[in-house]
Amino acid sequence: MNMTEELKKSTTIIENLTDKLGQVTTSKYSFEDIIGNSTEIKKCINLAEKSARSNSTVLLLGESGTGKELFAHSIHGASMRRENPFIKVNCAAIPETLLESEFFGYAKGAFTGAVKSKIGKFELAHSGTIFLDEIGDMNLLLQGKLLRVLQEMEFERVGGNQTIKVDVRVIAATNRNLRELIRRGEFREDLYYRLNVVEITIPPLRLHKEDLPALVNNTIIKLNRKLGKKVKGLSKDAEELLFSYDWPGNVRELENVIERVMVTVDEEILVKKNLIQHVNQFRILPERDVDIMPIDQMEEMLIRKAMAKYGNTVEGKRRAAHALNISLATLYNKLKKIRPSNIKI
Numbered sequence: 001m002n003m004t005e006e007l008k009k010s011t012t013i014i015e016n017l018t019d020k021l022g023q024v025t026t027s028k029y030s031f032e033d034i035i036g037n038s039t040e041i042k043k044c045i046n047l048a049e050k051s052a053r054s055n056s057t058v059l060l061l062g063e064s065g066t067g068k069e070l071f072a073h074s075i076h077g078a079s080m081r082r083e084n085p086f087i088k089v090n091c092a093a094i095p096e097t098l099l100e101s102e103f104f105g106y107a108k109g110a111f112t113g114a115v116k117s118k119i120g121k122f123e124l125a126h127s128g129t130i131f132l133d134e135i136g137d138m139n140l141l142l143q144g145k146l147l148r149v150l151q152e153m154e155f156e157r158v159g160g161n162q163t164i165k166v167d168v169r170v171i172a173a174t175n176r177n178l179r180e181l182i183r184r185g186e187f188r189e190d191l192y193y194r195l196n197v198v199e200i201t202i203p204p205l206r207l208h209k210e211d212l213p214a215l216v217n218n219t220i221i222k223l224n225r226k227l228g229k230k231v232k233g234l235s236k237d238a239e240e241l242l243f244s245y246d247w248p249g250n251v252r253e254l255e256n257v258i259e260r261v262m263v264t265v266d267e268e269i270l271v272k273k274n275l276i277q278h279v280n281q282f283r284i285l286p287e288r289d290v291d292i293m294p295i296d297q298m299e300e301m302l303i304r305k306a307m308a309k310y311g312n313t314v315e316g317k318r319r320a321a322h323a324l325n326i327s328l329a330t331l332y333n334k335l336k337k338i339r340p341s342n343i344k345i
């Protein structure tokens, strides 16, 4: 091999290593970054901490913005793999035609334009953790290939015939109801059982509003550093406004609202009038609209408000049933009909 060929080979190796290093990260967060003292959040943290001590797959369930990625980082950061890579793949953000090559890489000449081989996410995550976000959006063909990796810890690159073995810990997350997808034939049941060895359902913010003050305070502290501000907190009427809202975007939406307010005001105490300018998308029904709501929507709204006020515990359900003037058994029956993936029965 002459010097030109040696140089070309070395350049290719360096390019591959540079590409690999650019995609590898370690965990950015720990369990200390998860804010909340409510019973529901503490249960999630406790289960996540226990799962961190094993290599079992973890399935994180919950609405968008509840903090699934934060939990994934925290589990990795507390695990024996914490010094090794943490690789995230958003299954919904990558076109289906490219997802397989993102997962497993491709061999040189696998398709037009593949002038050199490329390492996939599973290889990058070797000895570490791969976080498969939005797993419910993955197509059935790729689900089968993922199942093989979970079972055998091996795969081939797209267009290649060499079997590559890896050692990875898989954490998956979704905001979709996987059981419903299985029923409709859109998600493999065998893959589901491989993924949910440890299943953690993170509650929506509306069901643990007692954590709002701590979440707001933590957000303000972070944004003071980021924006160079000196905000000390919220006025009472501002807090009441935040508590009156159900936060469909959850913690992510809360942080977004607080940041937009802090960017545009200079006061040390944020008041209701500051927030009103930035929360016109708040879905708080005016009194005149309540009378024309369909009965089933009215019932769901009242049940959700009661659950948000009293909490998603056994005692909380008893108090909610009493406030709604219905039996506990009736409340349980009604909860089964209201987004069962979001409310724990």
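Residue 1 is where the sequence shown starts when you use UniProt numbering, and the numbers rise one by one after that. Idealized CB from N, CA, C, for every residue including glycine.
Contact holds between the region 238-249 and the region 199-213, because three or more Cβ pairs, one in each stretch, are under 8 Å apart. Between N333 and F187, the alpha-carbon positions lie close to 27 Å from each other. Contact annotation: D296 and S38 have beta-carbon atoms that are not nearer than 9 Å. In the three-state scheme derived from DSSP, where H, G and I count as helix and E and B as strand, F86 is classed as strand. For D133, there is no enclosing alpha helix (DSSP H); the enclosing beta strand (DSSP E) covers residues T129 to D133. Taken in chain order, the unbroken stretches of alpha helix (DSSP H) that lie wholly in the region 43-115 and span 4 residues or more are 68-77 and 96-104. With a beta-carbon spacing of about 4 Å, G136 and R176 fall inside the 8 Å limit used to define contacts.
In this structure, L227 places its C-beta atom within 9 Å of the C-beta atom of V263.
Counting only unbroken stretches of 3 or more residues, the beta strand (DSSP E) elements lying wholly within the region 198-276 are 198-201, in sequence order. Sequence-distant partners of K229 (beyond 5 residues in either direction) whose C-beta falls short of 6 Å from its own C-beta, in its chain, are M262. The residues L328 and L331, in chain order, have a CB closer than 6 Å to that of A321 in the same chain once the five nearest residues on each side in sequence are set aside.
Residue pairing by DSSP places F155 opposite I164 in a beta bridge. With 16 or more other CB atoms across the displayed protein chains lying within 10 angstroms of its CB, D133 is buried. With fewer than 16 other beta carbons inside 10 angstroms of its own, M80 counts as exposed.
The three-state secondary structure of I295, taken from DSSP, is helix. Each of V198, V149 and L178 was checked against the Cα of E189, and the nearest Cα belongs to L178. Less than 9 Å divides the Cβ of I130 from the Cβ of K88. Secondary structure at A321: helix, using DSSP grouped into helix, strand and coil.
Secondary structure at T313: coil, using DSSP grouped into helix, strand and coil.
Note on geometry: alpha-carbon atoms of E156 and N218 lie some 45 Å from one another.
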